[in-house]
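Colleague: My questions will all concern the structure given below.
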Amino acid sequence: MTAARAAVEILKREGVSNAFGVPGAAINPFYAALKASGGVHHTLARHVEGASHMAEGYTRARPGNIGVCVGTSGPAGTDMITGLYSAIADSVPILCITGQAPTAVLHKEDFQAVDIASIARPVTKAATTVLEAAQVPGVFQQAFHLMRTGRPGPVLIDLPIDVQLTEIEFDPDLYEPLPVHKPAATRKQIERALEMLNDSERPLLVAGGGIINADASELLVEFAELTGVPVVPTLMGWGVLADDHELNAGMVGLQTSHRYGNANFLESDFVLGIGNRWANRHTGRLDVYTRGRTFVHVDIEPTQLGRIFAPDLGIASDAKAALELFVEVARELKAAGELRDRSQWAASTQERRATLQRRTHFDNVPLKPQRVYEEMNRAFGPETRYVTTIGLSQIAGAQMLHVYRPRHWINCGQAGPLGWTVPAALGVATADPGGSVVALSGDYDFQFMMEELAVGAQHRIPYVHVLVNNSYLGLIRQAQRNFDIDFQVNLEFENINSPELSGYGVDHVKVVEGLGCKAIRVTEPDRLLPAFEEAKKLAAEFRVPVVVEAILERITNISMSGTDIASVNEFEDVASEPGHAPTAIRPLATA
């Protein structure tokens with residue numbers, strides 16, 4: 002068979018059932034093999050970067066998924082670089098396959114011939130241009146091995162057109178995936194960590210995205226319940242235990258954090274971090290974050306241990322392997338009566354949760370964004386998968402929405418590229434066609450790759466997209482306050498075709514409808530909940546993306562700190578009576 006056909010047969014034997022991409026001359030042999038072989042459903046994207054983000058959303062929606070994106074030579078590969086960066090930053094395995102000019106002209110400035118492997122290498126676990134057709138099976142086998150081994154991440158394989166077309170000897174029935182290696186903690190290491198935890202007065206567990214990657218959320222919950230230790234999920238670990246769990250101590254950080262989460266952390270004296278990387282938006286100033294606390298850090302990548310600050314104990318281990326031992330040893334200690342009672346400390350974290358809340362209920366017109374998230378909490382239940390990337394919309398959403406299950410907050414955490422949300426949501430909805438997928442964007446994120454909505458219309462991929470529109474680069478405007486400027490961040494203009502927008506500029510409803518989808522514009526707070534309910538019905542009926550655009554006040558400053566977790570600026574008045582935060586997990590307790 003051709004090397005291209007061998008590659009497709011390997012994809013299927015590695016569990017790939019979906020791919021996203023854009024064909025072109027240099028990758029057509031691969032597409033011919035994809036069609037002839039069958040078994041891999043392909044979604045045609047409108048932009049190759051969009052295909053890479055679809056692949057990432059697809060991977061992140063289900064344990065074991067590996068999203069595949071395909072493009073031709075030259076700009077297709079360079080368009081994928083942002084997607085590869087996003088994936089490696091958040092430890093997400095995706096496979097990018099690119100076409101390439103014939104091997105004989107790779108260094109002769111041939112049309113669309115670029116050294117994509119060299120360009121992609123810094124943002125992948127491996128990037129290879131295959132020069133010998135007989136190596137194609139081995140390169141693909143190694144790619145899946147690398148994506149799954151150790152810290153997960155993306156791989157790029159570049160296939161010159163002559164390599165794709167070359168006949169090779171390959172028997173798919175003899176193919177077997179390579180065994181995956183993941184480092185595992187020892188019992189002695191876990192015993193020492195639990196000894197340190199037991200010696201503390203006010204311990205916390207920091208649960209990172211590595212727990213979700215390892216499909217170990219149930220073990221984390223079991224360990225927390227055995228020990229009675231409250232849990233701080235990171236932004237990437239949100240959903241490892243339900244927001245309404247009695248041991249959920251709230252999120253910590255400069256931006257995507259809860260008032261009570263930061264307060265709980267500042268009261269702690271011991272922190273066990275599992276599958277997290279001490280991201281700077283989580284820690285803020287390290288002297289504030291670490292002062293008076295003992296740290297144990299468990300991470301799959303040995304070089305992460307001590308990268309940000311030196312823990313008192315570092316353990317290189319896959320989160321699942323470590324948590325299996327944590328649960329085993331904790332059970333033994335509990336049976337022997339050697340675990341300390343943490344009920345009073347845990348109760349104090351929930352007392353803070355009931356008193357330190359942000360206000361969400363506002364009746365203002367134009368809308369305050371807080372009210373949008375309040376109504377989202379009413380409209381979208383625990384089964385909802387939220388998808389978002391960056392901006393004030395993401396930050397406020399993380400402060401005010403509720404997440405109850407792993408892989409139900411799908412957020413591009415480290416890279417944060419504008420435009421990620423629409424294609425990623427399409428990838429998530431492809432992986433979970435019967436699920437409830439809700440995307441969240443500001444107007445600029447939405448405008449970056451809104452052409453991908455046509456993919457949802459063409460391929461009948463329904464989901465609901467909440468678009469909060471203040472016609473501003475809101476996060477950058479807020480950051481510019483430190484420079485006393487408001488420069489090149491306003492997006493408003495008088496739209497001569499839509500004067501009813503009163504200067505908000507782009508008519509998103511017309512654009513969305515022009516791309517074959519449904520759209521609803523909301524300007525009154527009491528219309529938000531009916532609009533969300535209508536959007537769910539429209540998505541189910543027409544099987545297309547449905548956008549709900551909420552017209553916001555132009556300027557809102559969302560709670561955050563520029564320095565440390567002890568000095569978050571709330572900007573708005575905080576909740577002081579129950580009616581100020583009616584969808585909070587805990588009813589507001591007042592004096």
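Numbering (the numbering used here), first residue to last: 2 to 592. Quick reminder that beta carbons are idealized off the backbone N, C-alpha and C, glycines included. Note that the coordinates shown come from a computational prediction; the quantities given were computed from them, not determined experimentally.
Does Pro-180 come within less than 8 angstroms of chain D when only Cβ atoms are used?
Modeller: The structure shown contains no chain D, having only a single protein chain.
Colleague: Please identify the residue among Ala-26, Glu-10, Ser-38 whose C-alpha is closest to the C-alpha of Pro-103.
Modeller: Within the sequence shown, numbered from 1, the residue matching residue 103 stands at position 102. Of Ala-26, Glu-10, Ser-38, the residue nearest in Cα terms is Ala-26.
Colleague: Please list the terminal residues of the continuous alpha helix (DSSP H) segment that includes Leu-595.
Modeller: No statement about residue 595 is possible, as the shown extent of the chain runs from 2 to 592 and does not include it.
Colleague: Measure how close the beta-carbons of Arg-360 and Val-569 come, nearest whole angstrom, since I'm counting them as under 8 angstroms.
Modeller: If you number the sequence shown from 1, residue 360 lands on position 359. If you number the sequence shown from 1, residue 569 lands on position 568. With 8 angstroms as the limit, Arg-360 and Val-569 do not qualify as a contact, their Cβ atoms being about 15 angstroms apart.
Colleague: Please state whether the Cβ-Cβ distance between Ala-432 and Tyr-32 is less than 8 angstroms.
Modeller: If you number the sequence shown from 1, residue 432 lands on position 431. If you number the sequence shown from 1, residue 32 lands on position 31. Not a contact, by the Cβ cut-off of 8 angstroms.
Colleague: Can you name the start and end residues of the alpha helix (DSSP H) that Leu-35 belongs to?
Modeller: For this step, residue 35 is matched to residue 34 along the sequence shown. 29–38 is the extent of the alpha helix (DSSP H) around Leu-35.
Colleague: The alpha helix (DSSP H) spanning Gly-210 covers which residue range?
Modeller: On the sequence shown, position 209 is the one that residue 210 refers to. Where Gly-210 is concerned, the enclosing alpha helix (DSSP H) stretches over 210–214.
Colleague: Lys-519 lies in the beta strand (DSSP E); which residues open and close that run?
Modeller: Here residue 519 refers to the residue found at position 518 when the sequence shown is read from its first residue. Run containing Lys-519: 519–523, per the beta strand (DSSP E) assignment.
Colleague: With distances taken from CA atoms, which of Thr-591, Ile-11, Ser-74, Phe-21 is nearest Asp-163?
Modeller: Looking up residue 163 in the sequence shown gives position 162. Among Thr-591, Ile-11, Ser-74, Phe-21, the Cα nearest to that of Asp-163 is on Ser-74.
Colleague: Is Phe-171 buried or exposed, if buried means 16 or more other CB atoms sit within 10 Å of its CB?
Modeller: Position 170 of the sequence shown, counted from the start, is the residue given in the question as residue 171. Counting every other CB atom within 10 Å of its CB across the protein chains shown gives Phe-171 a total of 16 or more, marking it as buried.
Colleague: Is the stretch 176–188 touching the stretch 201–211, taking contact as three or more C-beta pairs under 8 angstroms?
Modeller: no
Colleague: Looking at Glu-550 and Arg-522, is the spacing between their C-beta atoms short of 8 angstroms?
Modeller: By 1-based counting over the sequence shown, the position of residue 522 is 521. By 1-based counting over the sequence shown, the position of residue 550 is 549. Yes, Cβ-Cβ distance for Arg-522 and Glu-550 is below 8 angstroms.
Colleague: Tell me whether the beta-carbon of Pro-490 lies closer than 8 angstroms to the beta-carbon of Tyr-464.
Modeller: Sequence index remark: in the sequence shown, residue 490 carries index 489 (1-based). Sequence index remark: in the sequence shown, residue 464 carries index 463 (1-based). Reading off the sequence, residue 490 comes out as Val, not Pro. Result no, Cβ atoms of Val-490 and Tyr-464 do not sit closer than 8 angstroms.
Colleague: State yes or no: is the C-beta of Leu-326 nearer than 7 angstroms to some heavy atom of the ligand FMN?
Modeller: Judged by which ligands are present, the structure shown has none, so any question about the ligand FMN falls away.
Colleague: Would you call the CB atoms of Cys-518 and Ala-430 closer than 8 angstroms?
Modeller: Position 517 of the sequence shown, counted from the first residue, corresponds to residue 518. Position 429 of the sequence shown, counted from the first residue, corresponds to residue 430. It is not a contact, given that the beta carbons lie outside the stated cut-off.
Colleague: Considering only residues of the same chain and omitting the five flanking positions on each side of Phe-381, which have a CB-CB separation below 6 angstroms?
Modeller: The sequence position of residue 381 within the sequence shown is 380, counting from 1. Cβ within range, chain order: Val-439.
Colleague: Pull the bridge partners of Arg-386 from the DSSP assignment, please.
Modeller: In the sequence shown, counting from the first residue as 1, residue 386 sits at position 385. Beta-bridge pairing links Arg-386 to Val-438.
Colleague: Do Leu-468 and His-509 count as a contact pair if the criterion is CB distance below 8 angstroms?
Modeller: Along the sequence shown, one-based indexing puts residue 509 at 508. Along the sequence shown, one-based indexing puts residue 468 at 467. In contact: His-509 and Leu-468 (Cβ atoms closer than 8 angstroms).
Colleague: If you count every other CB in all the chains shown that lies within 10 Å of the CB of Ile-158, and 16 or more means buried, which is it?
Modeller: Numbered from 1 along the sequence shown, position 157 holds the residue referred to as residue 158. Flag for Ile-158 reads buried.
Colleague: Please list the terminal residues of the continuous beta strand (DSSP E) segment that includes Trp-421.
Modeller: Looking up residue 421 in the sequence shown gives position 420. No residue range can be given for Trp-421, since it is assigned to no beta strand (DSSP E) and is classified by DSSP as neither H nor E.
Colleague: In the stretch 457–492, which residue ranges form an unbroken beta strand (DSSP E) of at least 3 residues, counting only runs that do not cross its ends?
Modeller: 465–470
Colleague: Bridge partners for Asp-159 per DSSP, in chain order?
Modeller: Within the sequence shown, residue 159 is the residue found at index 158, counting from 1. Answer is Thr-99, Thr-130.
Colleague: For Ile-89 versus Val-49, is the C-beta distance shorter than 8 angstroms?
Modeller: Here residue 89 refers to the residue found at position 88 of the sequence shown. Here residue 49 refers to the residue found at position 48 of the sequence shown. Cβ atoms of Ile-89 and Val-49: not closer than 8 angstroms.
Colleague: Taking the beta carbon of Arg-353 as the centre, do at least 16 other beta carbons fall within 10 Å, making it buried, or is it exposed?
Modeller: In the sequence shown, residue 353 corresponds to position 352, counting from 1. So Arg-353 ends up on the buried side.
Colleague: So if DSSP puts Met-561 in a beta bridge, which residue, or which two residues, is it bridged to?
Modeller: As a first step, residue 561 must be located in the sequence shown, where it is residue number 560. Its beta-bridge partners are Asn-570.
Colleague: Do Asn-199 and Leu-314 have their CB atoms nearer than 8 angstroms?
Modeller: Within the sequence shown, the letter at position 198 stands for residue 199. Within the sequence shown, the letter at position 313 stands for residue 314. Contact flag unset, no.
Colleague: For Glu-375 and Ala-347, what's the separation of their Cα atoms in angstroms?
Modeller: Start at 1 with the first residue of the sequence shown, and residue 375 comes out as number 374. Start at 1 with the first residue of the sequence shown, and residue 347 comes out as number 346. C-alpha separation (whole angstroms): 26 angstroms.
Colleague: Return the first residue and the last residue of the alpha helix (DSSP H) that Asn-265 is part of.
Modeller: As a first step, residue 265 is located in the sequence shown; it is residue number 264 there, counting from the start. Going by DSSP, Asn-265 is part of the alpha helix (DSSP H) stretching over 260–268.
Colleague: State the Cα-Cα distance for the pair Thr-291 and Phe-266, rounded to the nearest angstrom.
Modeller: Reading the sequence shown from its first residue, position 290 is the one you call residue 291. Reading the sequence shown from its first residue, position 265 is the one you call residue 266. About 10 angstroms.
Colleague: Can you tell me whether Val-181 is helix, strand or coil according to DSSP?
Modeller: Stepping through the sequence shown from its first residue, residue 181 is reached at position 180. It is coil, neither helix nor strand.
Colleague: Out of Asp-300, Asn-496, Gly-563, point me to the one whose CA is closest to Phe-484's CA.
Modeller: The residue labelled residue 484 in the question sits at position 483 within the sequence shown. Among Asp-300, Asn-496, Gly-563, the Cα nearest to that of Phe-484 belongs to Gly-563.
Colleague: Measuring straight from C-alpha to C-alpha, what distance separates Thr-129 and Leu-357?
Modeller: Working through the sequence shown from its first residue, we reach residue 129 at position 128. Working through the sequence shown from its first residue, we reach residue 357 at position 356. Approximately 52 angstroms, taken between the alpha carbons.
Colleague: Along the chain, where does the beta strand (DSSP E) that runs through Asn-412 open and close?
Modeller: Here residue 412 refers to the residue found at position 411 of the sequence shown. Here the beta strand (DSSP E) through Asn-412 covers 410–412.
Colleague: Can you give the Cα-Cα distance for Phe-271 and Asp-216, rounded to whole angstroms?
Modeller: Here the question's residue 271 lines up with position 270 in the sequence shown. Here the question's residue 216 lines up with position 215 in the sequence shown. When rounded, the distance between both Cα atoms is 25 angstroms.
Colleague: Kindly list the residues whose CB is nearer than 7 angstroms to the CB of Glu-573, restricted to its own chain and excluding five residues on each side of it in sequence; keep chain order.
Modeller: Counted from its first residue, the sequence shown places residue 573 at position 572. Cβ neighbours of Glu-573 within its own chain (closer than 7 angstroms, five residues either side excluded): Arg-360.
Colleague: Taking Cβ positions, are Ala-62 and Arg-408 nearer each other than 8 angstroms?
Modeller: Here the question's residue 62 lines up with position 61 in the sequence shown. Here the question's residue 408 lines up with position 407 in the sequence shown. Yes, the Cβ-Cβ distance between Ala-62 and Arg-408 is below 8 angstroms.
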